[in-house]
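One structure below.
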Amino acid sequence: MNSMLKTAVLAATAVFFANLNAACAEELVKVRFGTNWLAQGEHGGYYQAVADGTYKKFGLDVEIVQGGPTANNATALVAGKNDFYMGGNLVEVFSAAKEGVPLVAVAATFQKDPQILMTHPGVGLDSWEDLKKAKTIFIGPDFQATGYAWMKAAFGFTDEAVKPYDFNPGPFIADKGSVQQGYVASEPLQVEKGGGFKPNVFLIADQGWNTYSTLIVTRQDIIDAKPDVVQKFVDASAIGWATYLYGDNKLGNAAIQKDNPDMTDENLAFAVKQIKAYGIVMSGDAEKSGIGAMTDEHMKSFFDKMVAVGLYKPDFDYKKAYTLKFVNKNVGSDLIKK
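Number 337 marks the last residue of the sequence shown (numbering that gives the first Met the number 0); no jumps.
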């Protein structure tokens, strides 16, 4: 082959592959996924799936839109600006359905709500039953209206002890006889570093507060028009979480730290450790059916608890708030190291 012909062939080949790559890029479906707070270890599986190319393998070009104190990604989903949202617990989607807002949970990444109560060790508040004796319990307003209302009905906690929790552990650290709300993957480390002691940690989910958490939520119109996109996002997210928790999560952590530089290596390692130790992702329905699993029985159990505390009427059709169509398929289970 003479040099001119060889050059022409190489040029044509380069153009072919450039066009092929461009076509492949065009085939990726753009997806915006809004989280409910700043990037952290509790979001790790989603960042992992972006960073290691899992979403792209499923044909999705996913942009994670950070939540935070000035962002409302739930509203952005309703308004059509986002395609998926990282919801909190089931109260959020049940209440949306009650108000006629067409938001639907399509997967439950966390089988257990990571909400905890913490106490100082060795001051007589070392068991769940002891907590009712505390004169001060720092609780946020959202949880006071839901989880704490259930705690009052189920265990006899009272409103008299409640003081507002503003995400500052200082008052709790200073008051040895107090109790503080928090999240299992973050606040215990804050207290240990700021107060110089390891707090007692009580996962409220282990006492019967059995809402799913960190839901993947979308709109009904997206489910109707793009069920394949929903399925791909749910499946790729499950794989991302399996890799983040049980594989090499360096890429996921780097992506988190790019969005939120305040997340240290220590913060992220602690989050992974706690999520695994407390069975936040892998427990309950997920052990049988894979990450993101949901069941009708579990939904009814939690709904009945909320009816009992007066949040919903018994005849409310809570099933409008979720679908099992996209979960319980054991996607990513082969990647989990037992």
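Cβ atoms here follow ideal geometry from the backbone N, Cα and C, with glycine treated the same way.
Excluding its 5 nearest sequence neighbours in each direction, residue 90 has C-beta neighbours in its own chain below 8 Å: 145, 210, 305 and 310, listed in chain order. Sixteen is the threshold: since fewer than 16 other Cβ atoms of the shown chains lie within 10 Å of the Cβ of residue 333, the residue is exposed.
In the displayed model, residue 242 falls within a helix according to three-state DSSP. At least 8 Å separates the beta-carbon of residue 163 from that of residue 198. DSSP places residue 180 in no alpha helix (DSSP H) but in the uninterrupted beta strand (DSSP E) bounded by 177-182.
Closest option to residue 59, judged by alpha-carbon separation, among 185, 225, 177 and 95: 225. Bounds of the beta strand (DSSP E) holding residue 59 are 59-64. Assigned with DSSP and collapsed to three states, residue 330 falls in coil, not helix or strand. Per the coordinates, the alpha-carbon of residue 231 lies some 17 Å from the alpha-carbon of residue 293. Rounded to whole angstroms, the Cβ separation of residue 35 and residue 87 is 6 Å, and the two are in contact under 8 Å. Taken through DSSP and simplified to helix, strand or coil, residue 114 comes out as strand. Within the same chain, Cβ atoms closer than 8 Å to the Cβ of residue 188 are found at 265, 266 and 269, the five residues on either side in sequence being excluded. Burial check for residue 111: the Cβ neighbour count within 10 Å reaches 16 or more, so the residue is buried. According to the DSSP secondary-structure assignment, residue 188 is paired through a beta bridge with no residue. Looking at 56, 300, 72 and 252, the one whose alpha-carbon comes closest to that of residue 102 is 72. A distance below 8 Å separates the beta carbons of residue 250 and residue 47. For residue 236 and residue 108, the gap between their C-alpha atoms comes out near 9 Å. In this structure residue 277 does not touch residue 104 by the C-beta definition: roughly 21 Å separates them, more than the 8 Å allowed. The criterion of a C-beta distance shorter than 8 Å is satisfied by residue 168 and residue 186.
In chain order, 116, 118, 124, 136, 156, 178 and 201 place their CB closer than 8 Å to the CB of residue 130, counting only its own chain and leaving out the 5 sequence neighbours on each side.
When rounded, the separation of the alpha-carbon atoms in residue 74 and residue 244 is 30 Å. Every unbroken stretch of the beta strand (DSSP E) spanning 3 or more residues and falling wholly within the stretch 66-90 is given here in chain order: 83-85. With respect to the 8 Å criterion, residue 255 and residue 43 are classified as neighbours on the basis of their beta carbons.
Of all alpha-carbon atoms in 217, 204 and 121, the one lying nearest the alpha-carbon of residue 95 is that of 217.
In the structure shown, the three-state DSSP call for residue 229 is helix. Rounded to the nearest whole angstrom, the C-alpha separation of residue 303 and residue 313 is 8 Å. With distances taken between CA atoms, residue 204 lies nearest to 279 out of 271, 165, 213 and 279.
For the options 212, 181, 183 and 172, the alpha carbon positioned closest to that of residue 193 is the one of 172.
Sixteen is the threshold: when 16 or more other Cβ atoms of the shown chains lie within 10 Å of the Cβ of residue 273, as they do, the residue is buried. Taking C-beta separations shorter than 7 Å and ignoring five residues to either side along the sequence, the partners of residue 127 in its chain run 201 and 206, following chain order.
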